[in-house]
C-alpha cells in the first residue's frame with residue numbers, strides 16, 4: 158500500500174535534543190506556503206512520536222508567527238512539565254533560525270468516568286446524501302479532502318450576490334469531510350480538519366479577502382478508541398465567526414463523528430485585510 | 158488613592174533577560190493557590206509592561222501546567238517574533254525552577270477597517286436591574302468581583318435540585334460583572350474576567366466536583382479606545398460547556414461591553430474528577 162500523502166506531509170525524522178526535521182508537502186500547498194491545518198498536525202505529530210509522550214492530546218494551540226516557506230524545517234518539541242496524568246508541551250517550528258510557529262499542547266491519560274454532551278450535533282442529511290463539492294483547483298490542499306457542504310460552501314466569486322453591510326449575515330459552514338484518499342482518523346488528521354474551514358470573511362464579504370490564521374486552539378474530546386471507531390468515514394465539521402473587528406475575526410467550530418459524538422471543538426483568530 | 162488590589166496582584170518587578178518577579182496575592186486566593194484569571198492577567202501584564210511590546214493583545218493562551226504556590230514567582234516573557242504589525246510572545250511562570258504555567262500571546266497594531274459583528278449580545282436586563290449575588294465566602298477571590306447573575310449562578314449545594322443524568326442540561330451562566338471596588342477596564346482585567354465563570358460541572362452536577370482549568374484561550378476584540386469607553390462599568394459575561402468527557406470538559410464564553418459590543422471571546426478546557 159502506498160504511503161498516504163498526509164503521512165508524507167507530517168513525517169518527521171528524530172534528531173538529538175528534542176529536535177525533529179521535516180519538509181513541507183507540495184500536496185498540501187496553500188495559496189502561499191503550506192495549509193495551516195497540516196502545519197498544526199505536524200507540530201502535534203512531533204509530540205505524538207516523541208519518546209517521552211504521556212497519553213493523548215487534550216488541547217493544542219498553534220500560533221502562526223511568520224510565513225512557512227516551502228522546504229525543510231526543524232521542530233523543537235519540549236515536555237516542559239510531566240505530572241501524574243497530564244503533560245505540558247512546547248513546540249516551535251524553525252526555518253533559517255527564525256521561529257515561524259509556536260505551539261503549546263496538553264496531553265493526558267484519560268480514564269473512563271461520568272461523561273455527558275451539552276450541545277448536540279447539527280441535524281443534517283447523512284454524508285452519502287450530500288453531493289461532493291468541486292473546490293477551486295488553484296488551492297492545492299483542497300484536493301486532499303473530500304468536502305460535502307450542507308451549508309456555507311465556497312462562494313462563487315465570479316457571480317457574487319449583493320452584500321448588504323448593514324444586515325446580519327450568518328457565515329456558518331457545515332460540511333462532511335474526510336481525507337482524500339480515505340485514511341483512518343488519528344489525532345494529527347483531526348487537528349488538520351479543525352482548520353479545514355475556508356476563511357469566514359469570504360462568506361461574509363462574498364469575495365476573496367486576504368486572510369490568514371494567526372492562532373488556532375483545538376480541544377480533543379475523542380480518545381483513541383473513538384478515533385478507531387470513526388475509521389476513514391467522513392466527519393461533520395461546522396464553524397462560524399463571532400466578530401470581525403479592525404483586521405481580526407474569530408471563528409469557533411466543532412467536529413463530530415459519524416456516531417454523532419463530539420470529536421473536537423476548535424477556535425481561531427484570523428487576520429484579514431480589507 | 159490607594160492602589161487597587163488587582164494592580165497589586167498583577168504587579169511585576171523587571172529583572173534582567175526578559176525576567177520579571179511577582180508575588181501571589183492573598184486577595185485573589187482560590188480554594189488552592191491563586192485564582193487562574195489573575196494568573197492569566199499577570200502573565201499578560203508581563204508583555205504589557207515589556208519594553209519591546211508592539212501594540213495590544215489579540216490572543217492569549219495560558220496553560221496551567223502545575224500548581225502555583227502562594228508566594229513569589231518569576232515570569233520569563235520572550236518576544237519570539239516581531240513582524241511589521243504583529244508580535245508573538247512566549248511567557249512562562251516559574252517557581253522553584255519548575256514551570257507552573259506556560260503561555261503564548263499575539264499582540265498587534267490594529268488599524269480601523271471594515272468591521273461587523275456576527276453574533277449579538279444576549280438580551281438581558283441592564284446591570285442596575287439585576288441584584289448583586291452574595292457568593293460563598295470560602296472563595297476569597299469572589300470578593301474582588303461584583304457579580305449579578307442573570308442565569309446560572311452558584312448552585313445551592315446544601316439544597317440541590319434532583320439531577321437527571323439522562324436529559325439535557327444547559328450550564329449557561331450569564332452575569333454582569335465588574336472589579337470590586339470598581340476599576341477602569343484594561344487588558345489584564347479583561348483577561349481575568351474571561352476566567353470568572355464558576356466550573357460548568359458545578360452547574361451540570363449541582364454539586365461541588367474537583368475541577369481546574371488546564372488551558373484557557375482568550376481573543377481580544379476590543380482595542381484600547383473601546384476599553385477606555387467601558388471604564389469601570391460592569392461587563393456582561395456569558396459561558397456554557399459543550400462536552401464533558403472522561404475527565405475533561407470545554408467551555409466557551411463571550412464578554413460584552415455596556416455598549417453591546419463584543420470585548421472578548423474565551424475558551425477553556427477543564428479537568429474534572431468524578
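Residue numbers (this note's numbering), protein chains in the order written: chain A, 158 to 431; chain B, 158 to 431.
Note that beta-carbon positions come from the ideal geometry of N, C-alpha and C, so glycine has one too.
- Task: Would you identify the three-state DSSP class for residue 363 (chain A), choosing helix, strand or coil?
- Result: To locate residue 363 (chain A), count along the first chain from 1; it is residue 206. In this structure, residue 363 (chain A) counts as coil in the three-state DSSP scheme.
- Of all Cβ atoms in chain A, is any one closer than 8 Å to the Cβ of residue 267 (chain B)? Within the second chain, residue 267 (chain B) is the residue found at index 110, counting from 1. Yes - at least one Cβ of chain A is within 8 Å of the one on residue 267 (chain B).
- Message: Under 8 Å: do the stretch 398-414 of chain A and the stretch 159-172 of chain B share three or more Cβ pairs, one atom per stretch?
- Response: no
- Message: Would residue 214 (chain A) and residue 177 (chain A) be called neighbours here (beta carbons separated by less than 8 Å)?
- Response: For the purposes of this step, residue 214 (chain A) is taken as the residue at position 57 of the first chain. For the purposes of this step, residue 177 (chain A) is taken as the residue at position 20 of the first chain. No, the Cβ-Cβ distance between residue 214 (chain A) and residue 177 (chain A) is not below 8 Å.
- Item | Alpha carbon of residue 285 (chain A) to alpha carbon of residue 331 (chain A), nearest angstrom | Residue 285 (chain A) sits at position 128 when you count from the first residue of the first chain. Residue 331 (chain A) sits at position 174 when you count from the first residue of the first chain. Their backbone Cα atoms lie some 15 Å apart in a straight line.
- Starting from residue 242 (chain B) and walking both ways along the alpha helix (DSSP H), at which residues does that stretch end? For the purposes of this step, residue 242 (chain B) is identified with residue 85 of the second chain, where counting begins at 1. Element bounds for residue 242 (chain B): n/a, residue is neither H nor E.
- Task: May I ask you to verify whether the stretch 375-388 of chain B touches the stretch 326-344 of chain B, counting CB pairs closer than 8 Å and requiring at least 3?
- Result: Enough Cβ pairs lie closer than 8 Å, so yes.
- Can you tell me the Cβ-Cβ gap for residue 503 (chain A) and residue 234 (chain A), rounded? I've got them flagged as a contact below 8 Å. This structure does not reach residue 503 (chain A), given that chain A is present from 158 up to 431, and the question cannot be answered.
- Message: Nearest by alpha-carbon distance to residue 354 (chain A): which of A:326, A:402, A:305, A:389 is it?
- Response: Position 197 of the first chain, counted from the first residue, corresponds to residue 354 (chain A). Residue 354 (chain A) has its Cα closest to that of A:305, out of A:326, A:402, A:305, A:389.
- Item | Contact residues within the stretch 375-401 of chain B, judged by C-beta distance below 7 Å to chain A | 376, 378, 380, 397, 398, 399, 400, 401
- beta strand (DSSP E) segment containing residue 417 (chain B), residue limits: Here residue 417 (chain B) corresponds to residue number 260 of the second chain, with the count starting at 1. Per DSSP, residue 417 (chain B) belongs to no beta strand (DSSP E) and is neither H nor E.
- Item | Residue burial classification, residue 367 (chain B) (beta-carbon count within 10 angstroms, cutoff 16) | Locating residue 367 (chain B) in the second chain gives position 210, where the first residue counts as 1. Label assigned to residue 367 (chain B): exposed.
- Task: Could you check what DSSP says for residue 159 (chain B) in three-state terms: helix, strand or coil?
- Result: Against the second chain, residue 159 (chain B) aligns to sequence position 2. The answer is coil: DSSP assigns residue 159 (chain B) none of H, G, I, E or B.
- Item | Residues in the stretch 189-212 of chain B having any Cβ partner in chain A nearer than 8 Å | none
- Message: My output table needs one value for residue 313 (chain B): the three-state DSSP class, helix, strand or coil.
- Response: Stepping through the second chain from its first residue, residue 313 (chain B) is reached at position 156. Residue 313 (chain B): coil per DSSP, three-state reduction.
- Could you tell me the distance, in whole angstroms, from the CA atom of residue 174 (chain A) to the CA atom of residue 266 (chain A)? For this step, residue 174 (chain A) is matched to residue 17 along the first chain. For this step, residue 266 (chain A) is matched to residue 109 along the first chain. Rounded to whole angstroms, residue 174 (chain A) to residue 266 (chain A) spans 25 Å at the Cα level.
- Message: On the criterion of 16 or more Cβ atoms from any shown chain inside 10 Å, does residue 423 (chain A) qualify as buried, or is it exposed?
- Response: Reading the first chain from its first residue, position 266 is the one you call residue 423 (chain A). Buried, since its Cβ has 16 or more Cβ neighbours within 10 Å.
- Determine whether the Cβ of residue 238 (chain A) lies closer than 8 Å to any Cβ atom of chain B. As a first step, residue 238 (chain A) is located in the first chain; it is residue number 81 there, counting from the start. True, the Cβ-Cβ gap to chain B drops below 8 Å.
- Grouping DSSP H, G and I as helix and E and B as strand, with all else coil, what is residue 377 (chain B)? As a first step, residue 377 (chain B) must be located in the second chain, where it is residue number 220. If DSSP states are grouped into helix, strand and coil, residue 377 (chain B) belongs with the strands.
- Task: Please name the residues in the stretch 268-286 of chain B whose beta-carbon is closer than 9 Å to at least one beta-carbon of chain A, in chain order.
- Result: Listed by position, the residues of the stretch 268-286 of chain B near chain A (Cβ gap below 9 Å) are 268, 269, 270, 271, 272, 273, 274, 275, 276, 277.
- Query: What residues of chain A sit near residue 226 (chain B), judged by a beta carbon separation below 8 Å?
  - Reply: One-based indexing of the second chain puts residue 226 (chain B) at position 69. Taking the beta carbon of residue 226 (chain B) as reference, no residue of chain A falls within 8 Å; the closest one sits roughly 14 Å away.
- Task: Report the three-state DSSP secondary structure of residue 276 (chain B) (helix, strand or coil).
- Result: The residue labelled residue 276 (chain B) in the question sits at position 119 within the second chain. In the structure shown, residue 276 (chain B) sits in coil (DSSP, three-state: anything other than H, G, I, E or B).
- Burial state of residue 270 (chain A), where buried means 16 or more other Cβ atoms lie within 10 Å: Position 113 of the first chain, counting from 1, holds the residue named residue 270 (chain A). When all chains shown are included, residue 270 (chain A) counts as exposed.
- Taking only the alpha-carbon atoms, compute the straight-line gap between residue 212 (chain B) and residue 281 (chain A) and give it to the nearest angstrom. Within the second chain, residue 212 (chain B) is the residue found at index 55, counting from 1. Within the first chain, residue 281 (chain A) is the residue found at index 124, counting from 1. Residue 212 (chain B) and residue 281 (chain A): Cα-Cα distance of roughly 43 Å.
- Query: Can you list the residues of chain A that residue 330 (chain B) reaches, using a CB-CB cut of under 7 Å?
  - Reply: On the second chain, position 173 is the one that residue 330 (chain B) refers to. What residue 330 (chain B) touches in chain A: nothing, since even the nearest Cβ is about 13 Å away.
- Using the Cα positions of residue 328 (chain B) and residue 401 (chain B), report the straight-line distance between them to the nearest angstrom. For the purposes of this step, residue 328 (chain B) is identified with residue 171 of the second chain, where counting begins at 1. For the purposes of this step, residue 401 (chain B) is identified with residue 244 of the second chain, where counting begins at 1. About 11 Å.
- Taking C-alpha atoms, which residue in A:279, A:231, A:413, A:227 lies nearest to residue 390 (chain A)? Within the first chain, residue 390 (chain A) is the residue found at index 233, counting from 1. Measuring from the Cα of residue 390 (chain A), the nearest candidate turns out to be A:413.
- Task: Show which residues of chain A have a CB atom less than 9 Å away from the CB atom of residue 233 (chain B).
- Result: Locating residue 233 (chain B) in the second chain gives position 76, where the first residue counts as 1. Simply none; closest approach about 12 Å.
- Within this structure, are the beta carbons of residue 258 (chain A) and residue 219 (chain A) separated by less than 8 Å? Numbered from its first residue, the first chain carries residue 258 (chain A) at position 101. Numbered from its first residue, the first chain carries residue 219 (chain A) at position 62. Yes, Cβ-Cβ distance for residue 258 (chain A) and residue 219 (chain A) is below 8 Å.
- Item | residue 281 (chain A), enclosing beta strand (DSSP E) - first and last residue | Locating residue 281 (chain A) in the first chain gives position 124, counting from the first residue. Per DSSP, residue 281 (chain A) belongs to no beta strand (DSSP E) and is neither H nor E.
- Query: residue 243 (chain B) and residue 371 (chain A): beta carbons closer than 8 Å?
  - Reply: As a working note, residue 243 (chain B) is residue 86 in the second chain. As a working note, residue 371 (chain A) is residue 214 in the first chain. Yes, they are a contact pair.
- Task: Buried or exposed for residue 230 (chain B), please, with buried defined as at least 16 other CB atoms from any protein chain shown within 10 angstroms of its CB.
- Result: Locating residue 230 (chain B) in the second chain gives position 73, counting from the first residue. Result: buried.
- Message: If we define contact as Cβ-Cβ less than 8 Å, is residue 250 (chain B) a contact residue for chain A?
- Response: Working through the second chain from its first residue, we reach residue 250 (chain B) at position 93. By this cut-off, residue 250 (chain B) is not an interface position.
- Message: In the DSSP assignment, the alpha helix (DSSP H) including residue 195 (chain B) goes from what residue to what residue?
- Response: By 1-based counting over the second chain, the position of residue 195 (chain B) is 38. For residue 195 (chain B), the uninterrupted alpha helix (DSSP H) run begins and ends at 193-205, by DSSP.
- residue 168 (chain B), DSSP secondary structure in three states: What you label residue 168 (chain B) is simply residue 11 of the second chain in a count that begins at 1. If DSSP states are grouped into helix, strand and coil, residue 168 (chain B) belongs with coil.
- Task: Write down the C-beta distance between residue 203 (chain B) and residue 232 (chain B) rounded to the nearest angstrom, noting that I regard them as a contact closer than 8 Å.
- Result: The residue you call residue 203 (chain B) lines up with position 46 of the second chain. The residue you call residue 232 (chain B) lines up with position 75 of the second chain. About 4 Å separates the two Cβ atoms, so the contact holds.
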